[in-house]
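As structure tokens, the structure follows; a few thoughts come after it.
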Amino acid sequence: MAEPRLSELALDGLWKNNPALVQVLGLCPLLAISNTTVNAIGLAIATLVTLVVSNGVVSLIRDWVRPEVRLPVYVMVIASVVTIIELIMNAHFHSLYNTLGIFIPLIVTNCIIIARAEGFASRHAFGFSVFDGFVMGAGFGLVLITLGAMRELIGFGTLLAGAEQLFGPMAVDWGVRILPERMTFLLALMPPGAFIGLGLLVAFKQAVDQRTARRARAARAARSGEPAADAVG
Amino acid sequence: MKFPVQTSPHVEAPSSVADVMTTVLWALVPGTVAAIWLLGWGVLINVLLAVGAAWLAEALMLWLRARPFRPALTDRSVLITGWILALCLPNLAPWWLPVVGAVFAVVVAKQLYGGIGYNLFNPAMVGYVVLLVSFPEAMTRWGAPIEDGAASLSFAEALQWSLFGVLPGGMAFDALSQATPLDQWRMVLTQGGEVAGAGASIWQGGGWSLWLNLAFLAGGAWMLWRGAIRWHIPVAMIVGVLVMATLLWGIDPERFADPLFHLVGGGVIFGALFVATDPVTASTTPRGRLVFGFGIGVLAVLIRSFGNYPDGVAFAILLMNLAVPLIDYYTQPAVFGRKGRAGAGEEKGS
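Line by line, the protein sequences give chains Y and S.
Using the working numbering, the letters of the first sequence correspond one by one to residues 260 to 492.
Using the working numbering, the letters of the second sequence correspond one by one to residues 162 to 511.
Structural data, given as structure tokens:
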């Protein structure tokens with residue numbers, strides 16, 4: 260299969276085909292763990308590493324795996340990677356590990372990972388697969404962290420509170436209080452807040468895309484010297 | 162001789178959205194006056210703030226969505242959303258409570274779903290529930306009814322309290338506030354004790370909540386007479402409350418409140434007449450309306466008895482809003498001359 264250009268892959272993962280905003284995959288961790296920025300960063304990094312390693316391994320073994328058994332094999336690979344990450348987090352980021360709880364092992368069931376293994380890594384060379392895993396993980400992680408920051412800001416009025424769980428003792432006073440406690444909106448921390456926040460992010464992406472498309476149409480029309488018939492839409 | 166032949170409908174009723182909404186607005190007046198009479202000027206301040214905020218939020222969203230202003234801002238539906246929300250709020254609420262609730266109701270629950278006619282959930286109830294789960298402390302600032310002889314505020318004092326949180330000198334907040342009947346019952350239910358006493362408290366002090374409910378009932382009767390609502394939903398909902406409450410009370414009268422307490426102790430009458438009958442979010446078939454109303458009544462009592470919040474009417478209405486498409490699908494009336502449901506056959510064919 261023809262290998263795609265790296266810039267296209269990057270644009271796909273980060274924006275055009277963003278796993279969270281366009282494919283809307285992996286909603287369970289996305290909505291459950293995005294209540295604080297630090298939790299979101301922790302899960303974003305764990306998911307990113309899982310995607311990179313599992314894409315790489317699946318790409319390496321793609322010529323030896325028979326199509327009939329490919330899915331169980333992929334799941335085994337992903338589960339092994341997640342287990343390694345879980346053990347590492349348990350050893351080095353224990354309090355974050357306790358906060359994230361069940362959602363670390365649940366990375367195995369995150370649809371993005373199996374989707375990229377099946378849809379991309381199983382038919383592309385090693386380097387491309389690793390790069391795809393990285394940009395897809397980054398695209399997912401950025402949405403996760405944005406949502407986490409939004410919800411923490413509105414719900415707790417802080418940003419990066421509890422950063423020492425992830426970055427060690429030097430990060431003890433990274434957390435800043437931006438809104439006073441009496442101005443916080445508890446709904447943002449609850450499941451409805453997660454859904455509304457994600458919905459607003461998806462709407463934001465759509466609005467930006469429509470704006471870009473409209474500009475491009477107007478520019479094309481201006482070049483060809485014709486009035487843009489659908490410039491209003 | 163030639164007769165002019167006209168096509169149906171031959172009898173016309175005033176049935177534009179604005180006409181129906183005007184009827185509802187007038188029907189809200191007796192209940193609101195009674196609430197101001199019984200609970201103080203805070204109610205009026207809440208209504209003004211919520212209606213104003215809802216109207217402005219609607220205008221802002223229409224501008225953002227590039228929709229025409231006139232039809233949506235003059236059909237008065239947004240005024241009702243704000244008004245109904247305000248009547249659910251505590252009478253000693255700070256000013257931002259009705260404002261946040263009304264803005265959320267209009268922006269998220271109404272306009273983001275596509276404006277009037279498209280919203281899945283009753284906007285006023287969404288606003289109320291959002292406030293209830295987000296600001297549990299502010300939502301408990303209920304002042305004692307004036308009839309109980311507790312201290313009361315003048316309009317200026319109530320306004321001052323709402324805007325700045327300042328009470329007139331020498332007055333403590335605790336002197337004004339009091340647990341609502343459902344709150345009292347809930348405490349007894351969760352901490353053990355005599356429910357009969359808590360239930361009876363509602364009949365003391367002149368039974369003020371009875372007067373409030375009668376005023377709402379009067380407004381509802383007028384809406385029924387004007388044809389703005391139909392009887393199915395209110396009647397079914399009240400029957401649902403009575404059936405479920407009687408059932409629980411019959412099982413264990415020590416633990417569960419009696420049916421009459423459930424009927425007048427909270428928002429059942431108000432919800433049945435003014436909220437559940439919202440034409441956009443309620444079921445549209447006659448049988449469906451009965452199911453819809455009955456479901457709200459049953460759920461409201463269940464949530465009151467076993468849930469985390471004192472009153473369950475708002476949650477019950479939202480839950481049944483969610484079930485409306487299903488109810489409508491299974492209760493389509495048969496087309497005259499056919500057997501079975503209308504639409505079922507066609508859908509299989511397509």
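All C-beta atoms in this analysis are idealised placements derived from N, C-alpha and C, irrespective of residue type, glycine included.
According to DSSP, what are the bridge partners of residue i?
i	result
Thr492(S)	For Thr492(S), which the question treats as bridged, DSSP gives no partner whatsoever.
Arg441(Y)	Looking at the DSSP assignment, Arg441(Y) forms no beta bridge with any residue, so it has no partner.
Asn435(Y)	It should be pointed out that residue 435(Y) corresponds to Val in this sequence rather than to Asn. Val435(Y) pairs with Leu418(Y).
Judging by CA-CA distance, which residue of the options is the nearest neighbour of residue i?
i	options	result
Phe467(S)	Ala254(S), Leu409(S), Leu371(S), Pro259(S)	Leu409(S)
Gly432(S)	Pro447(S), Val462(S), Ile412(S)	Val462(S)
Arg450(S)	Ile245(S), Thr183(S), Tyr491(S), Asn280(S)	Tyr491(S)
Ala384(Y)	Ile320(Y), Ala305(Y), Gly456(Y)	Ile320(Y)
Gln272(S)	Glu415(S), Trp383(S), Arg228(S)	Arg228(S)
Asn374(S)	Thr407(S), Trp244(S), Gly426(S)	Gly426(S)
Ala466(Y)	Ala269(Y), Leu270(Y), Ser266(Y), Trp274(Y)	Trp274(Y)
Met348(Y)	Ala380(Y), Thr295(Y), Phe426(Y), Gly414(Y)	Phe426(Y)
Asn233(S)	Arg465(S), Glu219(S), Trp244(S), Ala418(S)	Reading off the sequence shown, one finds Ala at residue 233(S), where the question assumed Asn. Out of Arg465(S), Glu219(S), Trp244(S), Ala418(S), Glu219(S) has the C-alpha closest to the C-alpha of Ala233(S).
Ala279(Y)	Gly396(Y), Ile437(Y), Gln469(Y), Ser483(Y)	Gly396(Y)
Phe435(S)	Ala247(S), Val268(S), Pro494(S)	Ala247(S)
Glu262(Y)	Arg382(Y), Met409(Y), Val431(Y), Arg479(Y)	Arg382(Y)
Pro251(S)	Tyr274(S), Leu217(S), Gly203(S)	Gly203(S)
Val324(Y)	Arg479(Y), Val281(Y), Glu377(Y)	Glu377(Y)
Phe377(S)	Asn482(S), Thr168(S), Cys249(S)	Cys249(S)
Ala291(Y)	Thr358(Y), Ser354(Y), Val431(Y)	Thr358(Y)
Gly454(S)	Met286(S), Ala179(S), Val269(S), Pro395(S)	Pro395(S)
Leu401(Y)	Ala350(Y), Ser318(Y), Val297(Y)	Val297(Y)
Ile430(S)	Ser370(S), Val441(S), Gly275(S)	Ser370(S)
Pro447(S)	Ala495(S), Ile245(S), Arg231(S)	Ala495(S)
Ala447(Y)	Pro428(Y), Ala462(Y), Ala408(Y), His353(Y)	Ala408(Y)
Val264(S)	Ala285(S), Thr184(S), Tyr279(S), Gly275(S)	Ala285(S)
Val236(S)	Gln493(S), Ala179(S), Arg416(S), Asn482(S)	One detail in the question is off: residue 236(S) reads as Asp in this sequence, not Val. Selected option, being the one with the closest Cα: Ala179(S).
Thr301(S)	Gly498(S), Gln493(S), Tyr470(S), Met481(S)	Tyr470(S)
Gly272(Y)	Ala305(Y), Arg375(Y), Ile300(Y)	Arg375(Y)
How about residue i and residue j: do their beta carbons lie closer than 8 Å?
i	j	result
Val435(Y)	Leu418(Y)	yes
Met398(S)	Ala437(S)	yes
Val367(Y)	Ile337(Y)	yes
Phe399(Y)	Gly315(Y)	no
Leu240(S)	Leu186(S)	yes
Val459(S)	Gly401(S)	yes
Trp392(S)	Leu385(S)	yes
Ala319(S)	Gly288(S)	no
Gly416(Y)	Ile437(Y)	yes
Gly456(Y)	Leu406(Y)	yes
Gly456(S)	Ala418(S)	no
Leu302(Y)	Phe362(Y)	yes
Leu268(Y)	Leu403(Y)	no
Gly380(S)	Gly192(S)	yes
Ser483(Y)	Arg410(Y)	no
Asn207(S)	Asp439(S)	no
Val312(Y)	Val283(Y)	no
Ile371(Y)	Leu307(Y)	no
Leu253(S)	Trp198(S)	no
Ser238(S)	Ile277(S)	yes
Ile478(S)	Val452(S)	no
Gly326(S)	Pro255(S)	yes
Cys287(Y)	Leu355(Y)	no
Trp383(S)	Ala195(S)	no
Three or more C-beta pairs under 8 Å: does that hold for the region 292 to 301 of chain S against the region 437 to 453 of chain Y? Counting Cβ pairs under 8 Å, three or more are found: they touch.
Is there contact between the region 204 to 222 of chain S and the region 258 to 274 of chain S, where contact requires at least three CB pairs shorter than 8 Å? Flag = yes, the region 204 to 222 of chain S and the region 258 to 274 of chain S touch.
Does the count of Cβ pairs from the region 394 to 414 of chain S and the region 219 to 234 of chain S closer than 8 Å reach three? Per the Cβ contact rule, the region 394 to 414 of chain S is not in contact with the region 219 to 234 of chain S (fewer than 3 Cβ pairs under 8 Å).
Cβ pair count under 8 Å reaching 3, the region 387 to 396 of chain Y against the region 325 to 337 of chain Y: No: fewer than three Cβ pairs fall under 8 Å.
Could you pull out every unbroken beta strand (DSSP E) segment of at least 3 residues lying fully inside the region 419 to 467 of chain S, listed in chain order? Fully enclosed beta strand (DSSP E) runs of 3 or longer: not present.
In chain order, which alpha helix (DSSP H) runs of at least 4 residues are fully inside the region 286 to 320 of chain Y? Complete alpha helix (DSSP H) runs here, min 4: 286 to 292, 296 to 319.
Could I get the ranges of all uninterrupted alpha helix (DSSP H) runs contained in the region 318 to 382 of chain Y, with 4 residues as the minimum, in chain order? Complete alpha helix (DSSP H) runs here, min 4: 329 to 351, 353 to 359, 370 to 378.
Could you pull out every unbroken alpha helix (DSSP H) segment of at least 4 residues lying fully inside the region 224 to 255 of chain S, listed in chain order? The region 224 to 255 of chain S contains these whole alpha helix (DSSP H) runs: 230 to 235, 238 to 249.
Continuous alpha helix (DSSP H) assignments of at least 4 residues falling wholly in the region 447 to 487 of chain Y: Entirely contained in the region 447 to 487 of chain Y, the alpha helix (DSSP H) runs reaching 4 residues are, in chain order, 450 to 483.
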